[in-house]
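Participant: With my numbering applied, the sequence shown corresponds to residues 21 to 222, in that order.
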Amino acid sequence: MHQRPRPVPPQTGLGRALLGVATALRLTPNALTLLGFAGICGVAALIVTHNWFAAGLGFVAFGLADSLDGTLARAQGRSTAFGAFLDSTLDRVAEGVILGALGVTLARDGSGAAVGACFLALTASFIVSYSRARSEGLGIDSNKGGLMGRPERLVLTGAGIFMGGLGHVLEVVIYVLAALSTMTAIQRIWHVRIVLGDAPPR
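#1: How long is the line joining the alpha carbons of residue 154 and residue 48, rounded to whole angstroms?
#2: Going by alpha carbons, who is nearest to residue 232 out of 83, 87 and 97?
#3: Run through the region 97–155 for me and flag every whole alpha helix (DSSP H) of 4 or more residues, listed as ranges in chain order.
#4: Within its chain, find whatever has a CB closer than 7 Å to the CB of residue 106; leave out the 5 residues flanking it on each side and keep chain order.
#5: Just curious, the alpha helix (DSSP H) that residue 71 is in, first and last residue?
#6: Whose C-alpha, out of 55, 129, 145 and 191, is nearest the C-alpha of residue 174?
#7: If you draw a straight line from the alpha carbon of residue 131 to that of residue 187, how long is it in whole angstroms?
#8: Along the chain, where does the alpha helix (DSSP H) containing residue 203 start, and where does it finish?
#9: For residue 147, which residues from the same chain have a beta carbon less than 6 Å from its beta carbon, with the 5 sequence-adjacent residues on both sides left out?
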């Protein structure tokens, strides 16, 4: 018989505070995941309307909420395979929503090259995520190499949002994000190529 995972008390003050708030609001881990995603969609709207400081604060706040859903799941003993799947899936969609909003904003401002960089960064981020998932299915840890894993992309994107109103700073951030994300995708693909060699398909 499948047994429900036992609750694991949070090890940090932040985790304990989250558990208290979530319990008071009767939030489940999946509800927190959905709340974080809805908040990110709101951040995208703030980006499109050039409310950069509010967008930056929202990006940090809702990004933090999303990163803590796993803590809440363990604390409540509600860790499930579907919860992990939902979280990972919405993480990818949220990244697309934010970069899409940045692309729309830059397009309206007449920065065509930066718009192209947004789409390149988005494509590279998807390749990084997919290559990791596919390689893990082959029994390979490809979470190695490159400077732009998801945490690093979030930090750089958040910095760009906060500084969105400072001249061409956002454009520079997008160029850096696109370049490093592309390099990371190539490095991880190459890592898998080296590990697999000429092994037959699985």
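Each residue gets a CB set at the ideal place from its N, CA and C atoms; glycine is no exception. Every value quoted in this text rests on a predicted model; they were computed, and no experiment measured them.
Facilitator: Reading from the atomic positions:
#1: Cα atoms of residue 154 and residue 48: separation of roughly 29 Å, rounded to the nearest angstrom.
#2: Any answer about residue 232 is impossible in this case: the structure gives the chain only from 21 up to 222.
#3: Within the region 97–155, complete alpha helix (DSSP H) segments of at least 4 residues are found at 101–128, given in chain order.
#4: For residue 106, same chain residues with a beta-carbon under 7 Å away, outside a window of 5 residues either side, are 50 and 53 in chain order.
#5: No alpha helix (DSSP H) contains residue 71, which DSSP labels as neither H nor E.
#6: For residue 174, the closest alpha carbon among the candidates 55, 129, 145 and 191 is that of 145.
#7: Cα to Cα, residue 131 sits roughly 12 Å from residue 187.
#8: Residues 189–216.
#9: Cβ neighbours of residue 147 within its own chain (closer than 6 Å, five residues either side excluded): 205.
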